[in-house]
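As structure tokens, the structure follows; a few thoughts come after it.
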Amino acid sequence: MWRQQFIKNLVETNKALNIMYRKYRYYPALKLPEKLDTDKELMDFAKEIHKAISHPELAYLDKKNK
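Numbering-wise, our numbering puts 598 at position 19 of the sequence shown, and it's gapless, one number per residue.
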């Protein structure tokens with residue numbers, strides 16, 4: 580039950596962040612992974628969302644340096 584709610588929360592947060600990224604022209608927008616089956620996949624996506632919320636203006640530089 581908590582897992583489904585956590586996934587739903589991540590998906591809705593991702594939608595909100597993508598709206599903000601488009602509004603302020605931050606690039607690239609976050610992409611929702613195809614699968615969120617394992618705990619590792621969930622935590623990796625949650626960390627990515629946390630980074631995007633903490634420092635949205637650095638999204639372009641972070642993706643460019645990889």
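Where is the CB? At the ideal position from N, CA and C, for every residue including glycine.
Predicted model, so just to flag it, every value in this text is computed and none were measured.
The C-beta distance from A631 to L596 rounds to 5 Å, short enough to meet the 8 Å contact threshold. Separation of R601 and A608 (C-alpha to C-alpha, rounded to the nearest whole angstrom) is 8 Å. Under a 10 Å Cβ-count criterion, N588 is classified as exposed, with fewer than 16 other Cβ atoms of the shown protein chains found around its own Cβ. If you ignore the 5 residues before and after L611, its C-beta comes within less than 7 Å of the C-beta of V590 and N593, all in its own chain and listed in chain order. If the five residues before and after D618 are omitted, its C-beta is found closer than 7 Å to no C-beta atom of its own chain.
For R601, the enclosing alpha helix (DSSP H) covers residues W581 to Y603.
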